[in-house]
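One structure is given here, and the rest of the page talks about it.
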Amino acid sequence: MHRFSLGTLIAGAVLGEHRAQPQWRSPPPKSAYAAVIVGGGGHGLGTAYYLAKEHGVRDVAVLEKGWIGGGNTGRNTTIIRSNYLQQESAAIYEHALRLWEGLARELNYNVMFSQRGVLMLAHNDHDVHSLKRHVYANRLNGIDNEWLTPQEAKAICPPLNIAPTVRYPVVGAALQRRGGVARHDAVAWGYARAADAMGVDIIENCEVLGFMRDPRGAVAGLETSRGPIRAARVGIVAAGHTSVVLARAGLKLPLESFPLQALVSEPVKPVFPSVVMSNTIHAYISQSDKGELVIGAGTDQYISYSQQGGLHIAAHTLAAICELFPQFSRLRMLRNWGGIVDVTPDRSPIIGLTPIPGLYVNCGWGTGGFKATPGSAHVFAHTIATGEPHSIAAPFAIDRFSTGRLIDEAAAAAVAH
Ligand code: FAD
Ligand code: PYC
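Letter by letter, the sequence shown follows residues 1 to 417 in the working numbering.
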């Protein structure tokens with residue numbers, strides 16, 4: 001309890017980016033907990049927070065093999081939107097977006113959520129039909145989304161090149177004004193601090209290596225790099241590594257893991273007011289509060305656990321960015337990195353119970369789970385606390401791969417997957 005110090009706590013909450021993070025001492029694990037969450041990303045930390053806050057389950061540990069927020073939570077390009085096509089997806093991403101809108105206040109931590117609008121570009125007739133279909137479907141679901149001409153898109157994002165002579169001209173765009181970006185590590189730290197204050201143990205450098213089972217076959221605890229930890233309820237939220245972790249329990253899920261990369265430019269003065277994504281040419285871009293242009297590329301097309309993407313993919317993305325925004329062609333790139341995303345056949349997540357009593361899983365968010373963080377954590381905490389799927393999570397159960405009730409979101413992100 002109270003392992004975040006007050007001075008740094010205030011610095012983190014009031015000053016946000018570029019200031020000291022809360023001081024943190026990871027406690028030694030106890031021998032048993034009511035519930036254990038495996039994975040200290042935003043989804044896992046958020047799950048622990050909602051377990052404690054909304055369900056009174058405070059005897060909880062979050063086990064993280066590295067440092068909290070060091071996985072995809074700290075590596076993503078932070079695009080937040082809820083303009084998904086299918087009803088089930090719209091419901092969960094909109095649930096998340098509403099939680100984002102109150103998150104800084106809820107956590108008393110500046111997560112720097114900025115609703116600067118997400119523009120999705122159309123470059124040909126197929127894009128126009130597909131994006132307009134999203135606009136209409138979203139509006140039927142009460143989600144904001146609107147269709148813009150190229151000139152209207154340029155008014156939202158002045159650097160956009162709408163010349164009709166380029167290879168992939170912009171012929172229109174869908175705009176979700178409530179979409180935007182947030183500060184990724186602040187989300188992890190905000191949930192961690194709030195969960196910690198309610199008694200949750202957040203244990204870093206603690207890798208889960210195996211599962212203990214009781215005579216009925218139900219989960220009884222975990223073998224970890226810091227010794228055995230007993231728990232009758234275990235939630236796995238280990239993006240990119242879920243299949244590795246669950247294989248240790250003898251479970252096989254329909255997941256494949258791929259590297260996905262991003263890069264940032266040298267910092268420049270504020271020049272880019274919105275988020276722009278292009279599905280067709282696999283490029284997306286925004287500007288961080290530090291001034292760096294944040295650019296995302298597509299997934300590598302082979303299975304790998306390397307936290308680095310192929311340079312040819314970054315080069316392809318940069319070529320597309322320079323065509324859309326010629327004024328950035330001389331900007332130097334400062335850093336690039338990768339994360340491992342786990343992808344399901346229908347590109348929708350898996351949330352819910354497993355065949356092993358007491359063992360729950362939340363995975364398969366692929367290239368798009370950052371935006372889902374608060375919603376995913378909220379419904380997963382309900383599922384673990386009650387043993388029943390939350391109504392928003394129910395369609396995302398594993399059995400859809402045997403019933404055939406898939407939730408096809410293959411065109412949901414602007415990245416090749
Ligand atoms: P993570 O933050 O990865 O947390 C899982 C944790 O589990 C990790 O910290 C890992 O160390 C830990 N773990 C793994 N195995 C074990 C073990 N055996 N024992 C203990 N701990 C373990 N999504 C969007 O919505 N918008 C975007 O713009 C976006 N851009 C992206 C760009 C990139 C380059 C990448 C890589 C991803 C992007 N995503 C985006 C996807 C998004 O980042 C993820 O879906 C989301 O962050 C997953 O959160 P998480 O908490 O589940 O995972
Ligand atoms: O889901 O919006 C998204 C996204 C953008 C880049 C990666 N994922």
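All C-beta atoms in this analysis are idealised placements derived from N, C-alpha and C, irrespective of residue type, glycine included.
Roughly how many whole angstroms lie between the Cα atoms of residue i and residue j?
i: residue 54; j: residue 270; result: 40 Å
i: residue 360; j: residue 210; result: 15 Å
i: residue 175; j: residue 189; result: 30 Å
i: residue 11; j: residue 111; result: With a pLDDT of only 33 at residue 11, under the threshold of 50, the placement of this residue in the model should not be trusted; the figure read from the coordinates follows. Each residue's alpha carbon lies about 13 Å from the other.
i: residue 408; j: residue 167; result: 30 Å
i: residue 256; j: residue 341; result: 8 Å
i: residue 169; j: residue 245; result: 45 Å
i: residue 7; j: residue 374; result: For residue 7, the pLDDT reaches just 34, beneath the cut-off of 50, and the residue's location in the model is therefore unreliable, although a value from the coordinates is still provided. Roughly 26 Å between the two C-alpha positions.
i: residue 153; j: residue 387; result: 46 Å
i: residue 308; j: residue 198; result: 36 Å
i: residue 352; j: residue 49; result: 18 Å
i: residue 36; j: residue 231; result: 6 Å
i: residue 200; j: residue 68; result: 14 Å
i: residue 104; j: residue 114; result: 11 Å
i: residue 16; j: residue 186; result: Only weak support is given to the placement of residue 16: the predicted model assigns it a pLDDT of 35, under 50, and the value that follows is read from those uncertain coordinates. Rounded to whole angstroms, residue 16 to residue 186 spans 8 Å at the Cα level.
i: residue 372; j: residue 284; result: 18 Å
i: residue 295; j: residue 411; result: 19 Å
i: residue 253; j: residue 392; result: 21 Å
i: residue 71; j: residue 184; result: 11 Å
i: residue 325; j: residue 88; result: 35 Å
i: residue 134; j: residue 218; result: 42 Å
i: residue 31; j: residue 350; result: 29 Å
i: residue 364; j: residue 348; result: 7 Å
i: residue 18; j: residue 369; result: Because residue 18 sits at a pLDDT of 41, beneath the cut-off of 50, its placement in the model cannot be relied upon, and the point is left open.
i: residue 319; j: residue 125; result: 22 Å
i: residue 26; j: residue 52; result: 18 Å
i: residue 366; j: residue 155; result: 32 Å
i: residue 406; j: residue 93; result: 17 Å
i: residue 162; j: residue 272; result: 15 Å
i: residue 109; j: residue 102; result: 11 Å
Start and end of the alpha helix (DSSP H) containing residue i?
i: residue 138; result: 125-140
i: residue 149; result: Looking at the DSSP string, residue 149 is not in any alpha helix (DSSP H), and its letter there is neither H nor E.
i: residue 227; result: First-last for residue 227: 227-230, but that is the beta strand (DSSP E), not the alpha helix (DSSP H).
i: residue 272; result: Neither: residue 272 is in no alpha helix (DSSP H) and is coded neither H nor E.
i: residue 249; result: From DSSP, residue 249 is part of no alpha helix (DSSP H); its letter is neither H nor E.
i: residue 397; result: Taken as a continuous stretch (DSSP letters only), residue 397 belongs to no alpha helix (DSSP H), as it is neither H nor E.
i: residue 379; result: 373-386
For the beta strand (DSSP E) containing residue i, name the first residue and the last one.
i: residue 200; result: Note, residue 200: premise wrong, no beta strand (DSSP E); not H, not E.
i: residue 35; result: 35-38
i: residue 259; result: 256-265
i: residue 110; result: Careful: residue 110 lies outside any beta strand (DSSP E) and carries neither H nor E.
i: residue 224; result: 219-224
i: residue 235; result: 233-236
i: residue 363; result: 359-363
i: residue 122; result: 118-122
Rounded to whole angstroms, how far is the Cβ of residue i from the Cβ of residue j, which I believe are closer than 8 Å?
i: residue 282; j: residue 316; result: 7 Å
i: residue 233; j: residue 356; result: Not a contact, Cβ separation roughly 11 Å.
i: residue 221; j: residue 229; result: 6 Å
i: residue 137; j: residue 128; result: With a Cβ gap of about 15 Å, residue 137 and residue 128 do not count as contacting.
i: residue 91; j: residue 376; result: That belief does not hold up - the Cβ atoms of residue 91 and residue 376 are roughly 12 Å apart, past 8 Å.
Any heavy atom of the ligand PLP inside 7 Å of the beta-carbon of residue i?
i: residue 79; result: The ligand content of the structure shown is limited to the ligand FAD and the ligand PYC, which means the ligand PLP is not among them.
Residue i CB to nearest chain B CB: under 8 Å?
i: residue 27; result: Absent from the structure is chain B; it holds one protein chain and no more.
Which parts of the segment 284-354 are runs of the alpha helix (DSSP H), unbroken and 4 residues or longer, counting only runs that do not cross its ends?
-> 311-324
Would the segment 263-281 and the segment 316-335 be scored as touching if the rule is three or more Cβ pairs under 8 Å?
-> yes
Tell me, please, whether the segment 48-66 touches the segment 116-123 by the rule of three or more beta-carbon pairs shorter than 8 Å.
-> no
Can we say the segment 167-185 touches the segment 211-230, given the rule of at least three CB pairs closer than 8 Å?
-> no
Touch test, the segment 137-147 against the segment 43-51, Cβ-Cβ under 8 Å, three pairs minimum | no
For the segment 41-86, list the beta strand (DSSP E) runs that are entirely contained and at least 3 residues long, ordered along the chain.
-> 60-63
Below 8 Å, can you find three or more Cβ-Cβ pairs linking the segment 71-78 to the segment 375-394?
-> no
Within the chosen definition, does the segment 196-211 reach the segment 64-71 through at least 3 CB pairs nearer than 8 Å?
-> yes
For the segment 389-408 against the segment 272-282, are there 3 or more C-beta pairs whose distance is under 8 Å?
-> no
Would you call the segment 295-307 and the segment 249-262 in contact, with 3 or more CB pairs under 8 Å?
-> yes
Where in the segment 167-217 do unbroken runs of the alpha helix (DSSP H), each at least 4 residues long, occur, reported from the N-terminal end onward?
-> 184-197
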